[in-house]
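A.B. asks: For the sequence shown, my numbering gives the first residue as 23, with consecutive numbering after it. Beta carbons are placed, not taken as given, at the ideal position from N, Cα and C, and that holds for glycine. Pasting a structure below so you can have a look.
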Amino acid sequence: MVRIFNAYRREYQSQQTLLILSGEAERQLNGRLQEISVSALTNRHRQHSRIFSLLHNAGQQQRRILRHQKPEQQSIVKYSGRKHRTICAVHRAASMLLASLATCLPHADARAQPVVHDYTVTIDYSMTNLWVEARFRHPVESVTARSRDAGKFLVDVRGCDSTSNIRLRNRRMLLPEDGITCLNYTVDLGRAAKENRQNRTLSAQNIVVSPSIWLWRPELAGSTELHLQFRLPEGTSVSVPWQPVDSEEHRFLLRDSPESSNAPAAFGSFDYRELAVPGSTLRVALLRSEQEKDAAGIFDWVRATATDVSLAYGRFPSPMPQVLIIPVGNSRERSSGAVPFGQVIRDGGETVLLYINETEPQSAFLEDWTATHEFSHLLLPYIDRRHKWISEGFAQYYQNILLARSGAYEEQHAWQKIYDGLERGRLSRPELSPNEAAEGGVRTGLMKIYWSGAAIALIADVGLRELSGGRESLDTVLEQLQTCCLPSDHVWSGPELFAQMDALTDFPVFLSLYRRYADTAGFPDTADVLERLGVQVSDGKVKVRKNDIRLAITAPDAEASRHREKLAAN
23 MVRIFNAYRR EYQSQQTLLI LSGEAERQLN GRLQEISVSA LTNRHRQHSR IFSLLHNAGQ
83 QQRRILRHQK PEQQSIVKYS GRKHRTICAV HRAASMLLAS LATCLPHADA RAQPVVHDYT
143 VTIDYSMTNL WVEARFRHPV ESVTARSRDA GKFLVDVRGC DSTSNIRLRN RRMLLPEDGI
203 TCLNYTVDLG RAAKENRQNR TLSAQNIVVS PSIWLWRPEL AGSTELHLQF RLPEGTSVSV
263 PWQPVDSEEH RFLLRDSPES SNAPAAFGSF DYRELAVPGS TLRVALLRSE QEKDAAGIFD
323 WVRATATDVS LAYGRFPSPM PQVLIIPVGN SRERSSGAVP FGQVIRDGGE TVLLYINETE
383 PQSAFLEDWT ATHEFSHLLL PYIDRRHKWI SEGFAQYYQN ILLARSGAYE EQHAWQKIYD
443 GLERGRLSRP ELSPNEAAEG GVRTGLMKIY WSGAAIALIA DVGLRELSGG RESLDTVLEQ
503 LQTCCLPSDH VWSGPELFAQ MDALTDFPVF LSLYRRYADT AGFPDTADVL ERLGVQVSDG
563 KVKVRKNDIR LAITAPDAEA SRHREKLAAN
């Protein structure tokens, strides 16, 4: 890998487009490269992030060394490029490393045979009992459930060749010391469904019970995975977040994931469709309630909203997400609107959970922003809770930008909503930094959490477009992030994400913005960037004057706009 870096350096020197490199900084960078062992890179997404982070940190050390060296101690070579002479070479080295790794990783993956445990899940006609037979590839010594309540719904559990019950301790089965290779257990699915609040507004034809309640499994680490097949009564369907292997046979694949929350599983008779959108197929389950609803109109709205999100860079960011739609009518448990609440869950797969008021007309769904916001979360991997202001903020930014591109918002209306949101964020708990607001879970700091990240997204987007002459933007960086790293099986930190994003552009702006604002009380200053975009504010009212960069950010897509107009007319 050091040879890769040296080859890159020689090529860069030959083009007379070089970095100022001190001997000591070069040795540190080479040392960092040597820390990465190709044989240890078993997870493509995690390894890419690690490489980028190491290279970025090496570049930072290099700059600190150069600042403290005398001019005569520096080995100065010609360079061109005024904005990014130091870190540019480091990022291009990362690109060469990834190109090299891309040639060897598929072979490494092919050699690493997965450890597969086979599960068969059977449900009765009344959906009151769920039976599981688990056959393990090798003896397992630990089987657990995700939920603390799972044990109280477990009716019977024993080894396949044993008549003795297996006892429980908290969320763990007490297995024999030498492990077990086959397990049978029964879950009281009906009781679990009754205690789940999500079922209160549903008809008896369908239920929602999280796998965290009924799936007892060994740890999913490394190459371990579960193959699950459902045996269902005629007319019964299943919706789960896991990767489908054979939809008609109800076979799924479960691997390790961030486990951001407990994903839902739906069983019963409900409307299910696979909706094709650019770059993806949405697996949409529309559950049934006692209220009448326009199912076709709701599916059209979901497809249109997901297509809007593909306007970020031409394709939807997640390949086959589960979209579960739960009708709640006018339930007071949720706020008002066509889509009172939504949530993205990364648990065995990617789930977009939408609660809807099915009595609202389709026009109300087309005007609602909740689904656009939730789908926009999939543009980023799952970020830890301390840095959730980044994920929420980027979704806030794109929610408004994409609704302008789709024609749902007039451009001036979109910038008015962005300005209003930034002001709410600025006034929210000014004594806290974004990290403090997110970490403390302060309810009165909610707007700081939601809009600090939006301010960073705006500043970064405009900065990239200005520095690159329009060649790069937040869109192009997120497109490359999706190509290299999504969907991701682990939890990212804010600095890790921004180091990765900086490595995907010739104009690194993200980590510097993080260092400037993440732990600083107050709110990112967006007045200057709005002025540069031609967004003028007087007495809280936004007016826009002609500006090429702003128009490029919110320019409507003609096809998406026509499709929305057609849906609205119906």
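Would residue 393 pass as a contact of residue 376 if the rule is Cβ separation under 7 Å?
C.D. replies: yes
A.B. asks: Based on Cα-Cα distance, which residue from 407, 516 and 541 lies nearest to residue 282?
C.D. replies: 407
A.B. asks: Under three-state DSSP, which class holds residue 221?
C.D. replies: helix
A.B. asks: Taking residue 456 as the reference, give the member of 410, 257, 504 and 571 with the closest Cα.
C.D. replies: 410
A.B. asks: In whole angstroms, what is the alpha-carbon distance linking residue 563 and residue 484?
C.D. replies: 21 Å
A.B. asks: From what residue to what residue does the alpha helix (DSSP H) around residue 489 run?
C.D. replies: Boundaries of the alpha helix (DSSP H) harbouring residue 489: 468–490, taken from the DSSP string.
A.B. asks: Given a cut-off of 7 Å on the beta-carbon distance, is the pair residue 221 and residue 215 in contact?
C.D. replies: The answer is yes: Cβ separation under 7 Å.
A.B. asks: Report the option in 189, 590, 380 and 366 whose CA atom is closest to the CA atom of residue 317.
C.D. replies: 380
A.B. asks: Taking 7 Å as the threshold (C-beta atoms), are residue 166 and residue 193 in contact?
C.D. replies: yes
A.B. asks: Keeping to the same chain, check which residues put their C-beta closer than 8 Å to that of residue 149; ignore five residues upstream and five downstream.
C.D. replies: 211, 212, 215, 229, 258, 289 and 290
A.B. asks: Does DSSP classify residue 232 as helix, strand or coil?
C.D. replies: coil
A.B. asks: Could you pull the DSSP bridge partners for residue 154 from this structure?
C.D. replies: 143 and 207
A.B. asks: What is the residue span of the alpha helix (DSSP H) that residue 262 lies within?
C.D. replies: It is not in any alpha helix (DSSP H) - residue 262 carries neither H nor E in the DSSP assignment.
A.B. asks: How big is the Cα-Cα spacing for residue 430 and residue 581?
C.D. replies: Approximately 12 Å, taken between the alpha carbons.
A.B. asks: Would you mind reading off the limits of the beta strand (DSSP E) that contains residue 177?
C.D. replies: 176–181
A.B. asks: Please specify which runs of the alpha helix (DSSP H), each continuous and at least 4 residues long, are wholly inside the segment 363–400, giving them in chain order.
C.D. replies: 384–389 and 392–398
A.B. asks: Given 6 Å as the limit, tell me if residue 305 has its C-beta closer than that to any heavy atom belonging to the ligand ATP.
C.D. replies: Among the components modelled here there is no ligand, and therefore nothing to report on the ligand ATP.
A.B. asks: Name the residue from 591, 306, 420 and 546 whose alpha carbon lies nearest to the alpha carbon of residue 445.
C.D. replies: 546
A.B. asks: Anyone know if the C-beta pair for residue 137 and residue 246 falls short of 7 Å?
C.D. replies: yes
A.B. asks: From residue 265 to residue 287, what does the alpha carbon distance come to, in whole angstroms?
C.D. replies: 13 Å
A.B. asks: For the alpha helix (DSSP H) containing residue 586, list its first residue and its last residue.
C.D. replies: Under the DSSP assignment, residue 586 falls in the alpha helix (DSSP H) whose first and last residues are 580–591.
A.B. asks: Take the Cβ of residue 419 as the centre, count every other Cβ of all protein chains shown within 10 Å, and call the residue buried at 16 or more, exposed below.
C.D. replies: buried
A.B. asks: State the Cα-Cα distance for the pair residue 302 and residue 328, rounded to the nearest angstrom.
C.D. replies: 9 Å
A.B. asks: Indicate the three-state DSSP secondary structure (helix, strand or coil) for residue 164 in the structure shown.
C.D. replies: coil
A.B. asks: According to DSSP, residue 293 sits in a beta bridge with which residue or residues?
C.D. replies: 308
A.B. asks: On the CB-based measure, 16 or more other CB atoms within 10 Å of its CB, does residue 84 come out buried or exposed?
C.D. replies: For residue 84, the pLDDT reaches just 45, beneath the cut-off of 50, and the residue's location in the model is therefore unreliable, leaving the point undetermined.
A.B. asks: Would the beta-carbon of residue 451 fall within 7 Å of that of residue 459?
C.D. replies: yes
A.B. asks: My understanding is that residue 658 touches residue 566, with C-beta atoms under 8 Å, so please give their C-beta distance in whole angstroms.
C.D. replies: Since the displayed the chain opens at 23 and closes at 592, residue 658 lies outside it and no answer follows.
A.B. asks: I'd like to know if the segment 382–396 and the segment 296–312 are in contact, where contact means that at least 3 CB-CB pairs between them fall below 8 Å.
C.D. replies: no
A.B. asks: Any idea if residue 330 is buried or exposed, counting beta-carbon neighbours within 10 angstroms, 16 or more meaning buried?
C.D. replies: buried
A.B. asks: Can you grab the Cα-Cα spacing for the pair residue 159 / residue 140, in whole Å?
C.D. replies: 8 Å
A.B. asks: Would you kindly work out how many angstroms separate the C-alpha atoms of residue 269 and residue 488, rounded to a whole number?
C.D. replies: Spanning the alpha carbons of residue 269 and residue 488 requires a straight line of approximately 47 Å.
A.B. asks: Would you decide whether residue 466 is buried or exposed? Buried here means 16 or more other CB atoms lie within 10 Å of its CB.
C.D. replies: exposed
A.B. asks: Nearest by alpha-carbon distance to residue 161: which of 186, 402, 276 and 198 is it?
C.D. replies: 198
A.B. asks: Measure the Cβ-Cβ separation of residue 350 and residue 374 and say whether it is below 7 Å.
C.D. replies: Going by C-beta atoms, residue 350 is not nearer than 7 Å to residue 374.
A.B. asks: Does residue 268 come out as helix, strand or coil in the three-state DSSP assignment?
C.D. replies: strand
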